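According to mature numbering (1 follows the signal peptide of the UniProt record, and there is no 0), the sequence shown holds residues -19 to -1, 1 to 128 in order.
Below is one structure, written out as structure tokens, with a few remarks after it.
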Amino acid sequence: MKTRFFTLLLCLLSPFSWASGLVEVSHPWAKETPPTVTTSAIFLTITNPTAEERALVSASTEAAGITELHTHKMDNGVMKMRKLQRINLSPKADTELKPHGLHIMLFDLKEPLKEGMVIPLTLTFDTGRTMTLSVPVKKMAMKQHHH
């Protein structure tokens, strides 16, 4: 009888422990595009609170024909963009997708992205879990030059 009680208790409590160990996403934004440009990028921060490495394995949005995971890599003095199969998420750490680093690349945009728009984004993780976000479009701040 005690075994059944503890089994039932574990089953009831397991969703709560699972929920507290979920990967979290914060500060998503997409880069505004000029009217004739058909590519953009999405940036965000992914927090992995678990003790295990996780991974972002895909992203998709209705706003673009093709959505890929990307990074930038220096190759013979030239910065090149490279498609990734996954973005590894270190245990108990934040992974920042940011300009000139890891990012979600959008190709074949259905329409130009304008500041103030919000686009849907679905992320898929190695656990099979999906997460759908509303991503605001923002202007990318230009770097300030000091003389």
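Here a beta-carbon is modelled for each residue, glycine too, at the ideal position from N, C-alpha and C.
Here the structure is a predicted model, which means the values were calculated and not measured.
Asked	Found
Helix, strand or coil: which one does DSSP assign to Phe(-14)?	Low per-residue confidence applies at Phe(-14): pLDDT is 42, beneath 50, and the placement is therefore not dependable, though the value from the model is reported in the following sentence. Phe(-14) falls in the helix class under three-state DSSP.
For Asn29, is the classification buried or exposed, using 16 other Cβ atoms within 10 angstroms of its Cβ as the cut-off for buried?	buried
Around the C-beta of His84, are 16 or more other C-beta atoms found within 10 angstroms, so that it is buried, or is it exposed?	buried
Mark Met60 as exposed unless 16 or more other C-beta atoms lie within 10 angstroms of its C-beta, in which case mark it buried.	exposed
With distances taken from CA atoms, which of Met121, Trp10 and Thr48 is nearest Asp89?	Thr48
Give me the Cβ distance between Ala70 and Arg35, rounded to the nearest whole Å; I'm assuming they're in contact under 8 angstroms.	Looking at the sequence itself, residue 70 is Leu, so the reference to Ala does not match. Indeed they touch by this definition, with Cβ atoms about 4 angstroms apart.
Tell me whether Met121 sits in a helix, a strand or coil according to DSSP, three-state version.	coil
Can you tell me the Cα-Cα spacing of Val118 and Glu13, whole angstroms?	6 angstroms
Does the structure place the region 88 to 103 close enough to the region 31 to 46 that three or more beta carbon pairs sit under 8 angstroms?	yes
Assuming the contact rule is C-beta atoms closer than 8 angstroms, Phe106 and Leu37 should be a hit. Round their C-beta distance to whole Å, please.	6 angstroms
Under 7 angstroms Cβ to Cβ from Lys54, same chain only, skipping five residues before and after it: list those, please.	Lys61 and Arg63
In the DSSP assignment, find the unbroken beta strand (DSSP E) run with Met98 in it and report its ends.	First-last for Met98: undefined, no H or E at that position.
So, helix, strand or coil for Val38, using DSSP?	strand
Buried or exposed for Val18, please, with buried defined as at least 16 other CB atoms from any protein chain shown within 10 angstroms of its CB.	exposed
Taking the straight line between their C-alpha atoms, what separation do you get for Ala74 and Gly109?	20 angstroms
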